Amino acid sequence: MLLEACFDTNDEISIIDEVDELMELIKKTWGILGLNQMLHNICFTWVLFNRYVVTGQVENDLLYAADNQLAEVAKGAKVTKDPVYSKILSSTLTAMLGWAEKRFLAYHETFDSGKIDSMQSIVSIGVSVAKILVEDISNEYRRRRKNETDVVRSRIDTYIRSSLRTAFAQRMEKADSSRRSSRNQLNSLPALAILANLAKDVGDLAMKENDIFSPILKRWHPFAAGITELTPDAVQILRAADKLEKDRVNIAVEDSVDSDDGAKAIIREMPPYEAEGAIANMIKVWTKTRIERLKELVERTLQQDTHQPIQAEEGVFLPGNCRKNNKPCCQPSERITDFQALSWKNNGSPT
Numbered sequence: 001m002l003l004e005a006c007f008d009t010n011d012e013i014s015i016i017d018e019v020d021e022l023m024e025l026i027k028k029t030w031g032i033l034g035l036n037q038m039l040h041n042i043c044f045t046w047v048l049f050n051r052y053v054v055t056g057q058v059e060n061d062l063l064y065a066a067d068n069q070l071a072e073v074a075k076g077a078k079v080t081k082d083p084v085y086s087k088i089l090s091s092t093l094t095a096m097l098g099w100a101e102k103r104f105l106a107y108h109e110t111f112d113s114g115k116i117d118s119m120q121s122i123v124s125i126g127v128s129v130a131k132i133l134v135e136d137i138s139n140e141y142r143r144r145r146k147n148e149t150d151v152v153r154s155r156i157d158t159y160i161r162s163s164l165r166t167a168f169a170q171r172m173e174k175a176d177s178s179r180r181s182s183r184n185q186l187n188s189l190p191a192l193a194i195l196a197n198l199a200k201d202v203g204d205l206a207m208k209e210n211d212i213f214s215p216i217l218k219r220w221h222p223f224a225a226g227i228t229e230l231t232p233d234a235v236q237i238l239r240a241a242d243k244l245e246k247d248r249v250n251i252a253v254e255d256s257v258d259s260d261d262g263a264k265a266i267i268r269e270m271p272p273y274e275a276e277g278a279i280a281n282m283i284k285v286w287t288k289t290r291i292e293r294l295k296e297l298v299e300r301t302l303q304q305d306t307h308q309p310i311q312a313e314e315g316v317f318l319p320g321n322c323r324k325n326n327k328p329c330c331q332p333s334e335r336i337t338d339f340q341a342l343s344w345k346n347n348g349s350p351t
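What follows is the structure, encoded as structure tokens:
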């Protein structure tokens, strides 16, 4: 209740200008209420977050403030072992995570063009809360090696897969509904038209994911930016796309066998996937990247390597010693022989 006084009574989504002075007064009550800085941080985070939710989710500044407070909460969670604090923290963050995940497991429905501004703040809060719950509270995580689990990337990956599956299932249901209804109509849509509409819907879904959501999600999950690396999964996806494209062409040809142009007009309306070209381009990028990495490795190794000059021994001529007037005094074949002689002398003559 004390922290609720931070908000303007005439504007429930605005924080008063005297918030700093009010916080100092509230701080004086900590001893009586049994609070400390860490408990205050989690309470204030919840007040900001809850105010955003109950006021219609329109003031993104409240989300930004709650996200900033979570950074302070994370610091406290790393150092404290107080079971009471851990219980309060776990209960509060679990409620926040449940609210965020309910929206992100189907973010194609939750965030349209008018709500996209709040998406970044909500996903930031979601992954921050998940990271605190898993890394700083979960005993199971503490018993494991931390480098075996990427909490943030795993969470974003779950959101992407779940939302795309849900959105794709809706489009499949729409196509199936069209197919069922067309059976009972005299002028029913042909199977090819239904398939073409489905392909268009899936294409629109992919473009929406790439243009709207990926620029936000790639901050936490680089793969969300698109297929950029030659991996077995990427090749499998592209091969499946290539097969789908060929199947579409075959269906068009079979359904238009009696047409004048042999389905050429329909095929021209189908946007090509160009999967083979994408694979070829990724092979080029993969090869170039590996060559550059190898070059960097060789240069770094040469810079770190230290050579100890071999001391010339009596009767053995080395290239650095065999000079007259700053010019080599022996031929390359002679220098090779000298190296062989030195090797035999140190390691024993070859048999």
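Be aware that the sequence shown starts at 1, since it is given in the UniProt record's numbering, and climbs by one per residue.
Cβ coordinates follow ideal geometry from the N, Cα and C atoms, glycine included.
From a predicted model like this one, the values you see are computed outputs, not experimental measurements.
Do you know offhand how far residue i's Cα is from residue j's?
i: V134; j: L2; result: 30 Å
i: residue 357; j: Q37; result: Absent from the model: residue 357. The displayed extent of the chain is 1 to 351, so no value can be given.
i: E18; j: K208; result: 43 Å
i: E4; j: V47; result: 7 Å
i: N197; j: R171; result: 10 Å
i: E276; j: S86; result: 53 Å
i: M119; j: I216; result: 8 Å
i: D82; j: L89; result: 11 Å
i: N68; j: T94; result: 18 Å
i: K200; j: R165; result: 17 Å
i: V84; j: K78; result: 15 Å
i: K245; j: K174; result: Before going further, note that residue 245 is Glu rather than Lys in the sequence given. Cα to Cα, E245 sits roughly 21 Å from K174.
i: T80; j: E101; result: 27 Å
i: T45; j: D150; result: 25 Å
i: C6; j: L297; result: 57 Å
i: I283; j: D176; result: 38 Å
i: M23; j: D61; result: 19 Å
i: N210; j: N250; result: 29 Å
i: V123; j: W30; result: 32 Å
i: V253; j: K243; result: 15 Å
i: T158; j: T289; result: 29 Å
i: D112; j: G56; result: 16 Å
i: D247; j: A193; result: 14 Å
Would you mind sorting residue i into buried or exposed? The rule is 16 or more other CB atoms within 10 Å of its CB.
i: I291; result: exposed
i: G76; result: buried
i: D20; result: exposed
i: N281; result: exposed
i: R300; result: exposed
i: D8; result: exposed
i: I132; result: buried
i: L25; result: exposed
i: D11; result: exposed
i: R180; result: exposed
i: R293; result: exposed
i: L33; result: exposed
i: V285; result: exposed
i: V54; result: exposed
i: R239; result: exposed
i: L97; result: buried
i: L39; result: buried
With respect to the alpha helix (DSSP H) encompassing residue i, which residues constitute its N-terminal and C-terminal limits?
i: V73; result: N60 to V79
i: W220; result: From DSSP, W220 is part of no alpha helix (DSSP H); its letter is neither H nor E.
i: I15; result: I15 -> no alpha helix (DSSP H), and no H or E assigned at all.
i: Q37; result: Q37 to V54
i: T92; result: P83 to F104
i: L3; result: It is not in any alpha helix (DSSP H) - L3 carries neither H nor E in the DSSP assignment.
i: Q57; result: First-last for Q57: undefined, no H or E at that position.
i: K28; result: Counting along the chain, K28 falls outside any alpha helix (DSSP H), and DSSP gives it neither H nor E.
i: V134; result: Taken as a continuous stretch (DSSP letters only), V134 belongs to no alpha helix (DSSP H), as it is neither H nor E.
i: T9; result: Where T9 is concerned, there is no enclosing alpha helix (DSSP H), given that its DSSP letter is neither H nor E.
i: E109; result: Y107 to T110
If residue i sits next to residue j, beta carbons under 8 Å apart, how far is it from one beta carbon to the other, in whole angstroms?
i: S121; j: L63; result: 4 Å
i: H221; j: I160; result: 7 Å
i: R103; j: T92; result: That pair is no contact at about 18 Å.
i: I279; j: I212; result: With 8 Å as the limit, I279 and I212 do not qualify as a contact, their Cβ atoms being about 26 Å apart.
For a quick check, are the C-beta atoms of residue i and residue j less than 8 Å apart?
i: V152; j: L70; result: no
i: I16; j: E59; result: no
i: V202; j: F168; result: yes
i: S163; j: L105; result: yes
i: Y52; j: A66; result: yes
i: N50; j: E72; result: no
Can you determine whether any heavy atom of the ligand ADP sits closer than 7 Å to the C-beta of residue i, and answer yes or no?
i: E21; result: Absence of the ligand ADP is noted for the structure shown, with no ligands found whatsoever.
For chain B, check one thing: does any of its Cβ atoms lie closer than 8 Å to the Cβ of residue i?
i: R293; result: You won't find chain B in this structure, because it holds only one protein chain.
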